Structure formats: C-alpha cells, structure tokens
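*Asks:*
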C-alpha cells in the first residue's frame, strides 16, 4: 500500500529552486539587466509583489492608492535594484559571519 503522507511530504520538501521567483532573486548579476529587459511587464510586477507584498506594484493596488501603475522601465529598475540589494546583503552577511581578527596598535 502506498504511503500518501510520504508522497505529500516529498512534494512540500522540494528545493526552493523550484520557484522561478527564487531563481530570479538568486540569479547572477552579470547580464541581469538584459534578462530583465526581455521579460514581460506583468512578470516583473508579479515578482515585485511577491518580493514585497506590502508594496504598490500591481495595477489594482496602484489604482486603490491613487498611484500611477508601473511602466515596464520602472518595473525593470525596481526589480534590478531589489536583486542587487539581495546580493549586497548576502555578501555583507558572509563577511560579518566570518572569523574576525582584531589588531591593536599600542
């Protein structure tokens, strides 16, 4: 008899890389701007809304808050900036978590 719970556990324990939004967030910076410029505006807005659910990115949220909807160039800019911020944060954390050597000049 098949164990249904085990099958469900395997499904939910998939790697985070199965989500395209995580892949985009962790993608390399080299050539990133060109890849973002090729993507559709709706895909970029979807990524931004996923990354920051409290932000005004979707057309509906923009209309509700009296803000002009994002154009594609702004969506590319915001996405690029957030991914760079993520890479910078990761680099800072890897440096700050490493061994620290203090040098004192007396």
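In my numbering, the protein residues as written are 36 to 141.
We treat Cβ as the ideally placed atom computed from N, Cα and C, and that holds for glycine.
Every value quoted in this text rests on a predicted model; they were computed, and no experiment measured them.
Name the residue from 102, 86 and 120 whose alpha carbon lies nearest to the alpha carbon of residue 55.
*Replies:* With distances taken between Cα atoms, residue 55 lies closest to 86.
*Asks:* Which residue spans inside the region 68-102 form an unbroken alpha helix (DSSP H) run of at least 4?
*Replies:* Fully enclosed alpha helix (DSSP H) runs of 4 or longer: 76-86 and 94-99.
*Asks:* Less than 8 Å between the C-beta atoms of residue 92 and residue 105, yes or no?
*Replies:* Closer than 8 Å, so yes.
*Asks:* May I ask you to report which of helix, strand or coil DSSP gives residue 64?
*Replies:* Of the three classes helix, strand and coil, the one that applies to residue 64 here is coil, per DSSP.
*Asks:* Apart from the five residues on each side of it in sequence, which residues of its chain come closer than 7 Å, Cβ to Cβ, to residue 67?
*Replies:* Excluding positions up to five away in sequence, the list reads 115 and 118.
*Asks:* Can you tell me which of 127, 126, 124 and 108 puts its alpha carbon nearest to the alpha carbon of residue 78?
*Replies:* For residue 78, the nearest C-alpha among the options comes from 108.
*Asks:* Can you tell me which of 112, 101, 127 and 100 puts its alpha carbon nearest to the alpha carbon of residue 82?
*Replies:* Measuring from the Cα of residue 82, the nearest candidate turns out to be 112.
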